[in-house]
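Residues in the sequence shown are numbered from 0 upward in steps of one, following numbering that gives the first Met the number 0.
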Amino acid sequence: MHFGLTDEQAMIRRTVREFAEREIAPLARHTDESGEFPTETFRKMADLGLMGLPVPEEWGGAGADSVSTAIAIEEVARCCGSTAIAYSAHMGLGSAPIAMFGTHEQKERFLKPAAQGRHMAAFGLTEPHAGSDAGATRTSAVLEGDEWVINGSKMWITSAPLAGHVIVTAVTDRDRGKKGISAIIVPGGTPGMTFGKPELKMGLRGSVTTAIQLENVRVPKENLLGERGKGFVQFLQVLDGGRVGIGAMALGLAQGAYEVAVKYALEREAFGKPIGGHQSVANMIADMDVAISAARLLVYQAAWLKDLGRPYSREAAVAKLYASEASEKVCRDAIQILGGYGYSQEFPVERMYRDTRLLTIGEGTSEILRNVISHSVLGSR
């Protein structure tokens, strides 16, 4: 068993880290405080070939593996959570379903421009009455002639108003339950699709999160993604990959906070020596190091299994659960080590803590993930 990175994976880490430290980190505080989406940053990421990192080259991407993609998300998150969540959602939720289930025409029309960074991509799953119970979807799509007519609402959708396309889940056969849910691609600007005000959030403030209203939205029947009635199965597969992305993001935020805490512990003196020389602080640093190391192994393992084409639903759940909870504790402990400075916006750890707080909620709450893991061990009861 080999735990090292390949030359390509190591190169991607170096490239993204250098880019993130040069282009993303200096803007992270402004992005958070202003709530402004970093449009220019994403343009530069597109120029670097990052927006379609895992997408095959024939569809405008780089054809990188899942481990490389996780590394890229990790390195972006190390500098800015807002940029990382939009980046991860663009690739893992807005683009991946088309790469996985789309037709040649859909890939040409929607996947290629997303992979090239010519437009953002979004995924509309959550609804006011369908969060953790995604099978309770109420949005409907009725086939009228050659068009789907979609009505309903979605909420908490990342980058929705910015997206060149939104993949929405909708009930196409009401009497078939979860087997009656389908996925449909809605191009940006389609009449009848409107967006709510950007949510005012605790963290990740530079990412745009809104509700979507769908009122008699008409799209060609060819915009059905995959088979009719397979939407529920599709989005479970998509969420597995998304959970690896969230795990990688949690890992990056934890790494960023850890580095700030270590630097501070080596420089700040109390009682005649650096505070890192006091056992209580040293032990906190040790616990942070252990948590990050374990999270990295779990996230990379899940990504590696995905690359092998092996089942990884359990491993994705484990990685996302552990990494998100570990990141929350690491960021909280970083604030504690910095003391009053940690509570101040002059240092980034308070922002990192606010940003990481979402990660035990989005794309599967910790409670749901524990259900997923226990079912894989015990079976459904």
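Positions of the beta carbon are idealized from the N, C-alpha and C atoms, including for glycine.
Helix or strand or just coil, what does DSSP make of M351?
helix
Going by Cα to Cα distance, which pick from Q344, A325, E349 is closest to I334?
E349
On a CA-only basis, which of S326, R369, S158 is nearest A256? Give me that one, please.
The residue from S326, R369, S158 with its alpha-carbon nearest to that of A256 is S326.
Note down, in chain order, each residue of its chain lying with its Cβ closer than 6 Å to the Cβ of L4, except the 5 sequence neighbours on either side.
Around L4: no qualifying Cβ.
Helix, strand or coil, according to DSSP, for M119 in the structure here?
strand
Helix, strand or coil for M201? Go by DSSP, reduced to three states.
coil
C-beta contact flag for S81 and T30 at 7 Å
yes
For D64, which residues of its own chain have a beta-carbon under 6 Å away from its beta-carbon, when the five flanking residues on both sides are left out?
Cβ within range, chain order: D306.
Bridge partners of F194, per DSSP?
I211
DSSP has H128 in a bridge; who is on the other side?
H128 is not bridged to any residue.
Are G51 and A114 touching if we call contact CB-CB under 7 Å?
In contact: G51 and A114 (Cβ atoms closer than 7 Å).
Is the region 67 to 80 close to the region 7 to 26, with three or more CB pairs under 8 Å?
yes
Since L223 contacts W147 with CB under 8 Å, what's their CB separation in whole angstroms?
7 Å
Return the first residue and the last residue of the beta strand (DSSP E) that S152 is part of.
146 to 157
What do you get for R13, buried or exposed, if any count of 16 or more other CB atoms within 10 angstroms of its CB means buried?
Counting every other CB atom within 10 Å of its CB across the protein chains shown gives R13 a total below 16, marking it as exposed.
At least 3 beta-carbon pairs within less than 8 Å: the region 94 to 111 vs the region 221 to 238
yes
Bridge-paired residues (DSSP) for E268:
The secondary-structure analysis by DSSP pairs E268 across a beta bridge with P273.
For L224, the three-state DSSP class (helix, strand or coil)
strand
Quick check on this structure: which residue in A121, V371, K319, E266 has the alpha carbon closest to the alpha carbon of V185?
A121
DSSP three-state assignment for R217, whether helix, strand or coil
strand
Mapping the DSSP letters down to three states, classify H103 as helix, strand or coil.
helix
Going by the beta-carbon positions, is the gap between A294 and E314 smaller than 7 Å?
no
Suppose you measure from the CA of G130 to the CA of F270; what does that come to, to the nearest Å?
51 Å
What span of residues does the alpha helix (DSSP H) with G339 cover, start to end?
339 to 342
Limits of the unbroken beta strand (DSSP E) element including G163
162 to 170
If you reduce the DSSP assignment to three classes, tell me which class V15 lands in.
helix
Since V207 and L252 are thought to touch, with beta carbons under 8 Å apart, how far apart are those beta carbons, to the nearest angstrom?
Incorrect: roughly 19 Å between the Cβ atoms, too far for contact.
For the candidate residues G228, D46, H164, whose alpha-carbon lies nearest to that of R173?
G228
Given a cut-off of 7 Å, decide if A83 and S283 are closer than it, judged by their beta-carbon atoms.
Correcting the residue type first, residue 283 is Met in the shown sequence and not Ser. It is not a contact, given that the beta carbons lie outside the stated cut-off.
Spatial neighbours of G275 within its chain, please: C-beta separation below 7 Å, excluding the five flanking residues on both sides.
A264, L265, A281, I284
Where S33 falls: helix, strand or coil (DSSP):
helix
Span separating the alpha-carbon of H164 from that of M119
Rounded to the nearest angstrom, the two C-alpha atoms are 7 Å apart.
DSSP beta-bridge partners for I184?
Bridge partners of I184: I166.
Rounded to a whole number of angstroms, what is the C-alpha to C-alpha distance between C330 and E324?
10 Å
Of the listed residues Y299, I336, H89, nearest to Q8 (C-alpha basis)
Y299
Enumerate in chain order the residues of its own chain whose CB-to-CB distance from T40 is below 7 Å, with the five nearest sequence positions on each side excluded.
E22, I23, L26, T82
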